[in-house]
Every structure is written in structure tokens, then in C-alpha cells.
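Peer 1: Pasting in a structure now, in C-alpha cells, and then I'll have a few things to ask.
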């Protein structure tokens with residue numbers, strides 16, 4: 023075990039996990055920033071996370087195995103693929119890399135685009151079936167700016183709708199994708215109604231028609247790509263659909279389960295049949311998970327991805343455990359299914375203990391396995 027820690031290859035592998043997670047979090051969260059000109063689409067975020075993980079798996083996978091995910095690392099430990107010490111160092115490096123990546127993005131992103139840095143959240147049911155915004159990155163419909171999410175000087179209260187783009191002081195038309203405006207003058211809110219309701223009722227019909235037409239012309243093309251629908255979604259990486267913590271955990275479990283199965287199968291050195299590109303299949307698996315999971319939980323599938331921005335933004339909700347328990351349990355279940363039921367290895371108990379201790383030396387030459395895998399990929403390319 024001591025020999026493993028002191029080796030140059032081990033130190034390189036730990037640094038590779040730190041660097042890979044830093045880059046992954048930076049690009050993934052960067053794709054979810056809410057720029058005033060246009061909100062990112064679900065497809066954009068999904069592809070960004072998938073392309074990032076695929077690229078990093080291809081580039082740094084040969085150095086460390088390209089885990090980039092504490093859930094995958096712990097699952098490989100359960101599957102008897104890595105040592106306990108290596109798993110501990112990998113997880114520490116991944117969490118540190120996630121914090122560093124989120125911190126760099128926080129420092130570079132403008133204030134009006136930063137939002138809450140796509141922190142994952144779960145909305146608990148509120149009164150009358152409405153969602154109550156958590157610490158996540160998509161507030162509920164009746165609090166579209168989130169709790170303390172906007173820059174100073176912007177109104178953070180409850181509103182019946184969104185501000186009309188290009189028309190200062192005309193809120194409440196419910197048009198998504200528009201820019202927030204400064205607080206309304208006191209005269210507009212003296213009736214005791216929610217801010218904007220009294221002003222809206224006093225507008226002449228012609229002005230209302232003009233505002234609606236101008237907003238439709240400006241927002242029409244972007245609605246198909248940026249705004250999911252008219253339900254009041256302000257950002258694409260949280261949720262406001264009354265998903266409970268239990269439901270969110272099961273969703274994260276299923277999403278990570280399919281990702282882990284893809285990783286274990288596509289990188290299994292025992293496979294002799296053509297397997298194509300493991301990095302491509304893993305990237306597509308991450309993309310698939312985000313396409314489904316963003317509406318539920320903002321999609322984590324990776325505790326480090328949720329931990330990094332939560333630390334930087336200092337926003338740990340009571341549901342933060344969901345983004346640890348769900349992915350870790352899902353990945354471990356996939357490891358048990360793959361390594362012990364579907365494709366068990368022939369290691370004895372003493373050999374399994376040696377793997378965990380880091381003292382196991384396989385009889386096969388790893389260099390020969392790498393050459394055999396290269397030949398398989400060349401045949402697939404032809």
C-alpha cells in the first residue's frame with residue numbers, strides 16, 4: 023500500500039482526477055449559465071456535459087482510468103477493481119477539482135449571468151400544491167428570481183409574471199425569457215396587490231397588444247430552444263415540479279445506474295468483441311441522463327458536480343444528500359450486477375483482499391491488454 027502511494031504513476035493518476043473533474047465542472051456548469059441575451063436549452067446543457075466527460079475520458083483515461091465521479095470510484099471499489107487507498111485519494115481529488123472548477127467559473131462569470139451556478143435542488147411541495155423553491159437553480163413559478171439569486175438593486179419578491187422585454191416598468195405579462203427590471207415605483211404598488219398587478223390593470227388595451235406583439239417577435243424563435251414551456255421556468259438546471267426528495271433520489275439512482283453500467287461494460291478489458299469507443303459511449307450516456315434528469319433534479323449523476331458549486335455558492339439545502347445517496351447507490355448496484363452477477367471475475371478471496379489493499383499483481387501483462395484493445399478498436403474503425 024505504501025509502495026502504491028509513493029509511486030509516480032499513482033500521483034499522476036490522482037492529479038489527473040483533480041484536473042479532469044475541474045475541467046468537467048467548469049464546462050458543464052458554464053453551459054448552464056443564464057446569460058441575459060438567451061437562456062441555455064436543455065439540449066445545450068446535456069451535450070456540454072456529455073462532450074466534456076467523453077473528451078476527458080479519452081484524454082486522461084489512460085492516466086487514471088477517467089473516473090471523474092466519486093460514485094463511479096466507490097462502485098469500482100465495491101466491484102473489486104481498485105484499492106481502498108486509491109479510491110480515497112481519487113474521491114478527495116475529485117471533490118477538490120469540483121470546488122476549483124466551480125470557483126474559477128464563479129470568478130469569471132459576470133454577475134448577471136452567474137445566477138446560483140446551477141446548484142442542484144429539490145423543491146418540496148408548498149401550499150395549494152405549489153412548489154417551494156429550494157437552493158436549486160430553477161426557482162418555482164411564483165418566485166422567478168429565486169431567493170437572493172439576483173444582483174443588488176433587482177427586485178426579488180413575488181411576481182404574477184415576467185417583465186416585458188424592452189418596456190421598463192411593465193411587469194406581469196407572463197412572458198418567459200425576458201430580462202428583469204429595477205423595482206417598481208411606490209405609486210404602482212399602493213393598492214396592496216402584488217407588485218405589477220395594479221400597473222397591469224391600468225394599462226390601455228393598445229399598449230398591452232403592442233407589448234405582446236413586440237415580445238412575441240423578439241422571443242418567438244428562442245422559445246423553441248430556450249424556454250421549455252409557459253410554466254415559469256427561469257433556468258434550465260433546477261426544478262419546480264414538486265419532485266419530492268424520495269422521488270429525486272430514485273431518479274438519480276436510475277440515471278447513475280445506466281451510466282455506471284455503460285462505463286463498466288465499455289471499459290472491461292476482458293471483452294474480446296469489438297467495443298467501439300468507450301469515451302464516446304460514456305459521453306452519450308451522460309447526455310442521455312441529462313436529457314431526462316434535468317427536469318427532475320437538474321441532473322447530477324455525480325456527487326462532485328453537486329458538491330463543488332454548493333460549496334462555492336454556500337448553498338447546501340436539506341436535500342443535498344439526494345445528490346450523494348442517489349448516484350452512489352445507483353453506481354454500487356450497477357457494480358454488483360456487472361462484476362458479481364453478469365460478468366464475475368475468477369479472483370479468489372485472498373486475491374480480492376489484495377486488490378483492496380493495493381498489493382495485488384495480476385499475472386497478465388497490462389501492456390499486452392492495452393495492445394489487444396488497440397487492435398480491437400482498429401478493427402472496429404475499419
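Residue numbers (the working numbering): 23 to 404. Beta carbons are placed, not taken as given, at the ideal position from N, Cα and C, and that holds for glycine. As the structure is a prediction and not an experimental result, all values here were calculated from the model.
Let's see if you can read the secondary structure: which residues bound the alpha helix (DSSP H) around residue 136?
Peer 2: Run containing residue 136: 133 to 136, per the alpha helix (DSSP H) assignment.
Peer 1: If I follow the unbroken alpha helix (DSSP H) through residue 81, where does it start and stop?
Peer 2: Element bounds for residue 81: 64 to 86.
Peer 1: With three or more beta-carbon pairs closer than 8 Å as the criterion, would you say the segment 32 to 45 touches the segment 113 to 120?
Peer 2: Touching, yes.
Peer 1: According to the Cβ coordinates, are residue 310 and residue 50 closer than 9 Å?
Peer 2: No, Cβ-Cβ distance for residue 310 and residue 50 is not below 9 Å.
Peer 1: For residue 68 and residue 372, I'd like the C-alpha separation in whole angstroms.
Peer 2: Cα to Cα, the separation comes out at about 43 Å.
Peer 1: Please return the same chain residues whose Cβ sits closer than 6 Å to the Cβ of residue 74, not counting the five positions on each side in sequence.
Peer 2: Counting only Cβ-Cβ distances below 6 Å, and skipping sequence neighbours, we find 46, 49, 50.
Peer 1: Would residue 345 and residue 319 qualify as a contact pair, given that the criterion is a beta-carbon distance under 9 Å?
Peer 2: Result yes, Cβ atoms of residue 345 and residue 319 sit closer than 9 Å.
Peer 1: From what residue to what residue does the alpha helix (DSSP H) around residue 335 run?
Peer 2: Run containing residue 335: 325 to 335, per the alpha helix (DSSP H) assignment.
Peer 1: Please determine, among 367, 332, 142, 330, the residue with the shortest C-alpha to C-alpha distance to residue 348.
Peer 2: Of 367, 332, 142, 330, the residue nearest in Cα terms is 142.
Peer 1: Please report the distance separating the alpha-carbon of residue 129 from that of residue 55.
Peer 2: Each residue's Cα considered, the two are about 13 Å apart.
Peer 1: Who are the Cβ neighbours of residue 111 in its own chain at under 6 Å, not counting the five residues just before and after it?
Peer 2: Closer than 6 Å at the Cβ level, and outside the excluded window around residue 111, lie 36.
Peer 1: Just checking my contact of residue 58 with residue 134 at CB under 8 Å: how many whole Å lie between their CB atoms?
Peer 2: Between residue 134 and residue 58 the Cβ distance is about 6 Å, and since that is below 8 Å, they are a contact.
Peer 1: How would you label residue 30, buried or exposed, when you count the other beta carbons within 10 angstroms and need 16 or more for buried?
Peer 2: The residue in question, residue 30, is exposed, as its Cβ has fewer than 16 Cβ neighbours within 10 Å.
Peer 1: In whole angstroms, give me the CA-to-CA distance for residue 360 and residue 82.
Peer 2: Roughly 24 Å separates the two Cα atoms.
Peer 1: Who are the near neighbours of residue 474 in its chain, counting only those whose CB is closer than 8 Å to its CB and skipping five residues on each side?
Peer 2: Here the chain covers residues 23 to 404 and nothing more, so residue 474 does not appear.
Peer 1: Pull the bridge partners of residue 57 from the DSSP assignment, please.
Peer 2: DSSP, once it has assigned bridges, lists 60 as partnering residue 57.
Peer 1: Is it the case that the segment 299 to 316 contacts the segment 79 to 95, given that we only count it when at least three CB pairs across the two stretches are under 8 Å?
Peer 2: The segment 79 to 95 vs the segment 299 to 316: in contact.
Peer 1: Could you check if residue 271 is buried or exposed, using at least 16 other CB atoms within 10 Å of its CB as the buried criterion?
Peer 2: Buried: at least 16 other Cβ atoms inside 10 Å.
Peer 1: Rounded to the nearest angstrom, what separates residue 317 and residue 132 at their Cα positions?
Peer 2: Going by the C-alpha atoms only, they are around 25 Å apart.
Peer 1: Would residue 102 and residue 324 be called neighbours here (beta carbons separated by less than 9 Å)?
Peer 2: No.
Peer 1: Determine whether the beta carbon atoms of residue 330 and residue 123 lie at a separation below 9 Å.
Peer 2: Cβ atoms of residue 330 and residue 123: closer than 9 Å.
Peer 1: Could you have a look at residue 292 and say whether DSSP puts it in helix, strand or coil?
Peer 2: The answer is coil: DSSP assigns residue 292 none of H, G, I, E or B.
Peer 1: If I follow the unbroken alpha helix (DSSP H) through residue 378, where does it start and stop?
Peer 2: First-last of the alpha helix (DSSP H) with residue 378: 371 to 379.
Peer 1: Measuring straight from C-alpha to C-alpha, what distance separates residue 274 and residue 299?
Peer 2: Each residue's Cα considered, the two are about 25 Å apart.
Peer 1: Where does the unbroken alpha helix (DSSP H) through residue 109 begin, and where does it stop?
Peer 2: Looking at the DSSP string, the run of the alpha helix (DSSP H) that includes residue 109 is 106 to 130.
Peer 1: Is residue 322 helix, strand or coil by DSSP?
Peer 2: Of the three classes helix, strand and coil, the one that applies to residue 322 here is coil, per DSSP.
Peer 1: Could you check whether residue 94 and residue 281 sit closer than 9 Å to each other, using their CB atoms as the reference points?
Peer 2: Yes.
Peer 1: Please list the terminal residues of the continuous alpha helix (DSSP H) segment that includes residue 32.
Peer 2: Note, residue 32: alpha helix (DSSP H), 30 to 52.
Peer 1: How many Å lie between residue 108 and residue 126 at the Cα?
Peer 2: Each residue's Cα considered, the two are about 26 Å apart.
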